[in-house]
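Sequences listed follow chains A and B, in order. When the letters of the first sequence are read in order and numbered with the working numbering, they come out as residues 11 to 219. When the letters of the second sequence are read in order and numbered with the working numbering, they come out as residues 17 to 251.
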Amino acid sequence: MFAAVKRNSWRVCAGAVAQALVLAGCASAVVVESDFPTPVVESLPLAVGLFYEPELRDFIHAEALPRSSTWTIDLGDANLAMLEPLYHAMFASTREVDTLPPSDSDAASVDAILSSALNRFEFDVPRTTRDQFVEVWLEYRLELRDPGGNVLIDWLVPGYGKAEIVGSRESAVHRAAIVAMREAGAKISTEFLTQPAVVDWLDEKFNEG
Amino acid sequence: MRLSSSGLLIGLSAVAVLAGCSTTSRLEPYKQTDAVLLEGEGVVILARRHHATHEAEEEFIDCISDALASSKQDIVVHDSDEFQDMLYPWFEPSTAPLNVADLSELLDRPGVAERVSATGVRFVVWLDGSTDRVASGGSITCAAGIGGAGCMGLAWWEDDARYDASVWDVAQLNESGTIHADVRGRSVMPAVIVPLPFIARPQAKACRGLGEQLETFLTTPSGYGAGIAEIAEIG
Chain A
11 MFAAVKRNSW RVCAGAVAQA LVLAGCASAV VVESDFPTPV VESLPLAVGL FYEPELRDFI
71 HAEALPRSST WTIDLGDANL AMLEPLYHAM FASTREVDTL PPSDSDAASV DAILSSALNR
131 FEFDVPRTTR DQFVEVWLEY RLELRDPGGN VLIDWLVPGY GKAEIVGSRE SAVHRAAIVA
191 MREAGAKIST EFLTQPAVVD WLDEKFNEG
Chain B
17 MRLSSSGLLI GLSAVAVLAG CSTTSRLEPY KQTDAVLLEG EGVVILARRH HATHEAEEEF
77 IDCISDALAS SKQDIVVHDS DEFQDMLYPW FEPSTAPLNV ADLSELLDRP GVAERVSATG
137 VRFVVWLDGS TDRVASGGSI TCAAGIGGAG CMGLAWWEDD ARYDASVWDV AQLNESGTIH
197 ADVRGRSVMP AVIVPLPFIA RPQAKACRGL GEQLETFLTT PSGYGAGIAE IAEIG
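Dropping the structure here:
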């Protein structure tokens, strides 16, 4: 409860600062919002506990670009909007866990725990009118653990997006961020099963069974 | 004999138009099958987005989609965003099939062929290319004073719209053909007190040309000869 209140206060505070900067005319604020599609992938017969790092939920990137304005880009809600349908399609069943390591009851009811964090976020907005594209780079960090807490895979998943500047630069940053997130989501859903550590773990698990 | 400034402006503009503002179009259609759209079948226009240096502009994709949707043949054009969402994650920049063999492999994946079938899309048109400024020159100087303000000079620039449309047949799993469009346009802006722009719009011309060629491509089974149409227009 306290943690939630603290997180919300921090977001309100960051939002207020961003709003003040925008009103002062020296800042750009982008709140990334989108409906992300459910992927067309075959689900694995696994029950997976999902842990989202608190920073992932509250992620706000603030950066002052040289000879340009200060940007604040809020990805908090979009991260979950992208990852939740992805995991629901990838695994036979999912349930969110609140802590890592998970409680005994959570650990007993799942085959593995998958934790997600946003490790890196960078963007570039052109300063000259001849450059037409905004670019966004991001990197998710996924850790798959067995119920005993042993790390099975520590996977960095990059995403890159670019968007043509049509209208405002803020809307181009918004679109580029969504492209980058979709790219990362595409990698997670199509390459999870090709990770050698996952292949070994699944082999072991299903051969044992 | 004194030449008035309006006379000079008209004269300079006429010279500029005749000598400068022009477009040259080159369209190369190549169709290798007789496949056409049948009743209930549609087409989707997608941009190739895996290049680091360029990608087809969104307004160009929309322009081609609109041109086909409003054609006399009543072509059903599926919304590209909706198509990509329905087939997520298989048509993202890094996962989209690069050739028909990749498409064939993709359609073998569970659920993918059913989703494509549900959209009613028979042909996927991949657009690749961009419009770039290839040359520019001249200069215009403007000044303002108590008595008024004005500009003097001549500026020009040349844009090149180069696009390739690859048409894939999802039902027969082959590449039906390609259409290449290259439209180059030179714009000029003479200024005698007032700048007067004569702007060539190669991208709009490329859209119109490519749209018309695609309409024929998708609806004409035979007699659609491979060939090169070269048109030079002035003004």
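For each residue, glycine too, the CB sits at the ideal point set by N, CA and C.
Under the DSSP assignment, Ile-61 of chain B falls outside any alpha helix (DSSP H), being part of the beta strand (DSSP E) whose first and last residues are 58 to 63.
Residue nearest to Asp-87 of chain A within the set A:Ala-187, A:Trp-81, A:His-98 is A:Ala-187 (criterion: CA-CA distance). With respect to Val-51 of chain A, Met-100 of chain A sits close: the two C-beta atoms are nearer than 8 Å. When DSSP states are grouped into helix, strand and coil, Pro-64 of chain A belongs to the helix group. The beta carbon of Ser-110 of chain B sits closer than 8 Å to the beta carbons of His-66 from its chain, once the five residues preceding and following it are set aside; these are given in chain order. Cβ-Cβ distances below 8 Å link Ser-192 of chain B to Lys-47, Gln-48, Thr-49, Ala-51, Phe-139, Val-183, Trp-184, Asp-185, Phe-233 in the same chain, with the five nearest sequence neighbours on each side left out; the list follows chain order. Around the CB of Pro-206 of chain A, fewer than 16 other CB atoms lie within 10 Å, so the residue is classed as exposed.
For Val-107 of chain A, the number of other beta carbons within 10 angstroms of its own is at least 16, and it is reported as buried. Your pair Gly-154 of chain B and Leu-170 of chain B checks out as a contact, with CB atoms roughly 5 Å apart and the cut at 8 Å. Of all residues in the segment 182 to 208 of chain A, those with a C-beta nearer than 8 Å to a C-beta of chain B are Val-189, Arg-192, Glu-193, Gly-195, Ala-196, Lys-197, Ser-199, Thr-200, reading in chain order.
Look at Glu-174 of chain A: its C-beta is under 8 Å from a C-beta on chain B. By the beta-carbon neighbour count (other beta carbons within 10 angstroms, threshold 16), Leu-203 of chain A is exposed. For the segment 71 to 94 of chain B, the residues whose beta carbon sits under 9 Å from a beta carbon of chain A are, in order, Glu-71, Glu-73, Glu-74, Glu-75. For the set A:Ser-78, A:Asp-164, A:Asp-45, A:Thr-82, the Cα lying nearest the Cα of Ile-70 of chain A is the one of A:Thr-82. With respect to the C-alpha of Ala-222 of chain B, the residue from B:Phe-214, B:Pro-237, B:Leu-143 having the closest C-alpha is B:Leu-143. Beta-bridge partners of Met-168 of chain B (DSSP): B:Thr-157, B:Val-208. Boundaries of the alpha helix (DSSP H) around Ala-196 of chain A: 179 to 201.
For Leu-103 of chain B, the C-beta contacts it makes with chain A under 8 Å involve Val-50, in order along the chain. Contact between Pro-47 of chain A and Tyr-104 of chain B holds, since their C-beta atoms are separated by about 4 Å, short of 8 Å.
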